[in-house]
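Residue numbers (our numbering), protein chains in the order written: chain A, 1 to 212; chain B, 213 to 424.
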């Protein structure tokens, strides 16, 4: 199966400008998601807020893409995927993660605060959320910071101990590479300097034949 | 590490009533999340909507829980985790998944529509989102529909082919159980009758020593 990347000739300067605007809205929607989980205001007020949320949604839908945001690129080499579930700057489901790639492109790092929206066991990061973030970090690192396409082949996660909600860090590195198959190791854990990883991940990523 | 489940003596009838109210708000926030990703209205309108979203957030924060929602239970045997990242009815990050458990508690099934907020590769479900949903379904099935505590030990995911955004189904079963260790198999794929699984998962879940 091939994937449809969208050639979008918006100049990079304009892409950056628009991204800042929609990222601002998405940040505010993230706060609304958190407040929706934690609010204890009375039923009538919840219903009143709901009606206002619906009205705002209609205003945004006055002009919209026919489907998902997709992954876009222009001739200047800028690519963007604002709708991505982990790193998408316009997607309030995404924390969003900002991944730092090291110079050689084979290691990466990220730090993010995970709040009430990412809960699984009480007070803890959902185990599947750890898997979600690790998959993105590992995929991006396997793809050498999006300079090639690498799809997840297998992903193995070892859960060492629960990870409290709050500040977390991810570390990732490519450990092996041959014939379009890339092995990646990664961890997620607390940010405290003496913290041991809560989850260890190993992944095999594949550069699709059509993209080699 | 022990986990803090909250004993909350709200009567089941009142829990059900309040859940319907907050779930209604969360549904509207999900639509707003989608519209935020897909909107193409002009910058001024995006900023105007953002200001209104912030005002609504303040209204909800007039009274709120000090932290995440946690997992609650009452003496009638009702438990609820409205903030859960996959199944939480008040959490707009969650699709939310409604998991159907078979009579024996060892098999389960779920069907859900995944929209623009769950995108990874263009037009496709994020590989990490598949992992997130699978982890929840497998954990719940290992815990026999939440009648015991089962934490993820290891999770192995095999990605067979990309999964388009849209209607997806998950199938899960416990295949082995001994000494507090539970092996679970699960798949996620398209809902078409002839569809082959996009992702196959195998998980080892553990009943913590303190909970046996």
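Glycine residues also receive a C-beta, built at the ideal position from the N, C-alpha and C atoms. Treat the numbers as computed from the prediction; the structure is a model and nothing was measured.
Legend entry - Validate contact between the stretch 305-312 of chain B and the stretch 335-349 of chain B using beta carbons, cut 8 Å, 3 pairs: yes
Legend entry - Bridge-paired residues (DSSP) for residue 398 (chain B): As a first step, residue 398 (chain B) is located in the second chain; it is residue number 186 there, counting from the start. B:384, B:413.
Inset, instruction - May I ask you to report which of helix, strand or coil DSSP gives residue 418 (chain B)? - result: The residue you call residue 418 (chain B) lines up with position 206 of the second chain. Of the three classes helix, strand and coil, the one that applies to residue 418 (chain B) here is strand, per DSSP.
Inset, instruction - Have a look at residue 64 (chain A) and residue 269 (chain B) and give me their C-alpha separation to the nearest angstrom. - result: Within the first chain, numbered from 1, the residue matching residue 64 (chain A) stands at position 64. Within the second chain, numbered from 1, the residue matching residue 269 (chain B) stands at position 57. Spanning the two alpha carbons is a distance of roughly 24 Å.
Legend entry - 8 Å Cβ cutoff, residue 348 (chain B) in contact with chain A: Your numbering for residue 348 (chain B) matches position 136 in the second chain. Yes - at least one Cβ of chain A is within 8 Å of the one on residue 348 (chain B).
Legend entry - Against chain A: residues of the stretch 396-419 of chain B by CB proximity under 7 Å: none
Inset, instruction - Reducing DSSP to helix, strand and coil, say where residue 110 (chain A) ends up. - result: The sequence position of residue 110 (chain A) within the first chain is 110, counting from 1. It is a strand residue.
Legend entry - Closer than 9 Å at the beta carbon, the chain B residues around residue 59 (chain A): Your numbering for residue 59 (chain A) matches position 59 in the first chain. Going along chain B in sequence order, the residues near residue 59 (chain A) (Cβ under 9 Å) are 247, 251, 253, 257, 260, 261, 264.
Inset, instruction - Verify whether the separation of the beta carbon atoms of residue 335 (chain B) and residue 70 (chain A) is less than 8 Å. - result: Indexing the second chain from 1 puts residue 335 (chain B) at position 123. Indexing the first chain from 1 puts residue 70 (chain A) at position 70. A contact, by the Cβ cut-off of 8 Å.
Legend entry - Element boundaries [alpha helix (DSSP H), containing residue 317 (chain B)]: Position 105 of the second chain, counted from the first residue, corresponds to residue 317 (chain B). It is not in any alpha helix (DSSP H) - residue 317 (chain B) carries neither H nor E in the DSSP assignment.
Inset, instruction - Taking residue 125 (chain A) and residue 93 (chain A) to be in contact with their CB atoms under 8 Å, please state how far apart those CB atoms are, rounded to whole angstroms. - result: For the purposes of this step, residue 125 (chain A) is identified with residue 125 of the first chain, where counting begins at 1. For the purposes of this step, residue 93 (chain A) is identified with residue 93 of the first chain, where counting begins at 1. 15 Å between Cβ atoms; not a contact.
Legend entry - Any C-beta of chain A under 8 Å from that of residue 277 (chain B): Taking the second chain and counting its residues from 1, the one referred to as residue 277 (chain B) is at position 65. Yes, contact with chain A.
Inset, instruction - Take the Cβ of residue 223 (chain B) as the centre, count every other Cβ of all protein chains shown within 10 Å, and call the residue buried at 16 or more, exposed below. - result: Taking the first residue of the second chain as 1, we reach residue 223 (chain B) at position 11. The residue is exposed, with fewer than 16 neighbouring Cβ atoms inside 10 Å.
Legend entry - According to DSSP, residues forming a beta bridge with residue 285 (chain B): Position 73 of the second chain, counted from the start, is the residue given in the question as residue 285 (chain B). Partner(s): B:219, B:291.
Legend entry - Test item: CB-CB of residue 413 (chain B) and residue 369 (chain B) under 8 Å: Position 201 of the second chain holds residue 413 (chain B). Position 157 of the second chain holds residue 369 (chain B). A contact, by the Cβ cut-off of 8 Å.
Inset, instruction - Following the continuous beta strand (DSSP E) through residue 155 (chain A), name the residue where it begins and the one where it ends. - result: As a first step, residue 155 (chain A) is located in the first chain; it is residue number 155 there, counting from the start. It spans 151-159 - the beta strand (DSSP E) in which residue 155 (chain A) sits, taken as one unbroken run.
Inset, instruction - Rounded to whole angstroms, what's the CA-CA distance from residue 227 (chain A) to residue 341 (chain B)? Just pull it up for me. - result: In this structure chain A extends from 1 to 212, so residue 227 (chain A) is not present and cannot be described.
Legend entry - Classification of residue 210 (chain A) by the beta-carbon crowding that lies within 10 angstroms, buried from 16 upward: Translated into positions along the first chain, residue 210 (chain A) becomes position 210. Exposed, since its Cβ has fewer than 16 Cβ neighbours within 10 Å.
Inset, instruction - Decide if residue 14 (chain A) is buried, meaning its Cβ has at least 16 other Cβ atoms within 10 Å, or exposed. - result: Here residue 14 (chain A) refers to the residue found at position 14 when the first chain is read from its first residue. Label assigned to residue 14 (chain A): exposed.
Legend entry - Proximal chain B residues relative to residue 119 (chain A), where beta-carbon distance stays under 7 Å: Numbered from its first residue, the first chain carries residue 119 (chain A) at position 119. In chain order: 280, 281, 295, 296, 297.
Legend entry - CA nearest to the CA of residue 218 (chain B), picked from B:352, B:280, B:374, B:319: On the second chain, residue 218 (chain B) is found 6 positions in, with the first residue counted as 1. Among B:352, B:280, B:374, B:319, the Cα nearest to that of residue 218 (chain B) belongs to B:280.
Legend entry - Assumed close pair residue 284 (chain B), residue 220 (chain B) - CB separation to whole angstroms, cut-off 8 Å: The residue labelled residue 284 (chain B) in the question sits at position 72 within the second chain. The residue labelled residue 220 (chain B) in the question sits at position 8 within the second chain. At roughly 4 Å, the Cβ-Cβ gap stays under 8 Å, so residue 284 (chain B) and residue 220 (chain B) are in contact.
Inset, instruction - Report yes if the CB atom of residue 163 (chain A) is closer than 8 Å to the CB atom of residue 182 (chain A), and no otherwise. - result: Counting from 1 along the first chain, the entry for residue 163 (chain A) is found at position 163. Counting from 1 along the first chain, the entry for residue 182 (chain A) is found at position 182. No.
Legend entry - From B:241, B:274, B:302, B:266, residue whose alpha carbon lies closest to that of residue 230 (chain B): Sequence index remark: in the second chain, residue 230 (chain B) carries index 18 (1-based). Answer by Cα proximity: B:302.
Legend entry - 9 Å Cβ cut-off: residues of chain A touching residue 319 (chain B): Here the question's residue 319 (chain B) lines up with position 107 in the second chain. Residues of chain A passing the Cβ test: none, with the nearest at roughly 19 Å.
Inset, instruction - Check whether the Cβ atoms of residue 262 (chain B) and residue 4 (chain A) lie closer than 8 Å to each other. - result: Along the second chain, read from residue 1 onward, the residue named residue 262 (chain B) stands at position 50. Along the first chain, read from residue 1 onward, the residue named residue 4 (chain A) stands at position 4. Contact: no.
Inset, instruction - Give a yes or no on whether 8 Å exceeds the smallest Cβ distance from residue 370 (chain B) to chain A. - result: Here residue 370 (chain B) corresponds to residue number 158 of the second chain, with the count starting at 1. Cβ-Cβ to chain A under 8 Å: yes for residue 370 (chain B).
Inset, instruction - Flag this pair as yes or no: are the beta carbons of residue 118 (chain A) and residue 171 (chain A) separated by less than 8 Å? - result: Within the first chain, residue 118 (chain A) is the residue found at index 118, counting from 1. Within the first chain, residue 171 (chain A) is the residue found at index 171, counting from 1. Against a cut-off of 8 Å, the Cβ pair of residue 171 (chain A) and residue 118 (chain A) comes out as no contact.
Inset, instruction - Quick one: give me the first and last residue of the alpha helix (DSSP H) that residue 86 (chain A) is part of. - result: Your numbering for residue 86 (chain A) matches position 86 in the first chain. Segment: none, residue 86 (chain A) is in no alpha helix (DSSP H) and carries neither H nor E.
Inset, instruction - Taking 8 Å as the cut-off, decide whether the C-beta atoms of residue 344 (chain B) and residue 131 (chain A) are in contact. - result: Taking the second chain and counting its residues from 1, the one referred to as residue 344 (chain B) is at position 132. Taking the first chain and counting its residues from 1, the one referred to as residue 131 (chain A) is at position 131. Yes. Within cutoff.
Inset, instruction - Have a look at the DSSP bridge pairing and note the partners of residue 164 (chain A). - result: Along the first chain, read from residue 1 onward, the residue named residue 164 (chain A) stands at position 164. A:124, per the DSSP bridge assignment.
Inset, instruction - Compute the distance between the beta-carbons of residue 88 (chain A) and residue 152 (chain A), then report whether it is under 8 Å. - result: Within the first chain, numbered from 1, the residue matching residue 88 (chain A) stands at position 88. Within the first chain, numbered from 1, the residue matching residue 152 (chain A) stands at position 152. Not a contact, by the Cβ cut-off of 8 Å.
Inset, instruction - Closer than 8 Å by C-beta to residue 385 (chain B): which residues in its own chain qualify, once you throw out the five before and the five after it? Chain order, please. - result: Mapped onto the second chain, residue 385 (chain B) falls at position 173. Cβ neighbours of residue 385 (chain B) beyond the five flanking positions: 318, 319, 320, 353, 396, 397, 398.
Inset, instruction - Determine the burial state of residue 206 (chain A): buried for a count of at least 16 other Cβ atoms within 10 Å of its Cβ, exposed for fewer. - result: Taking the first residue of the first chain as 1, we reach residue 206 (chain A) at position 206. Buried: at least 16 other Cβ atoms inside 10 Å.
Inset, instruction - Flag residue 224 (chain B) as yes if its beta-carbon sits less than 8 Å from any beta-carbon of chain A, otherwise no. - result: Mapped onto the second chain, residue 224 (chain B) falls at position 12. No, no contact with chain A.
Inset, instruction - Indicate whether at least one CB of chain B lies closer than 8 Å to the CB of residue 96 (chain A). - result: Position 96 of the first chain, counting from 1, holds the residue named residue 96 (chain A). By this cut-off, residue 96 (chain A) is not an interface position.
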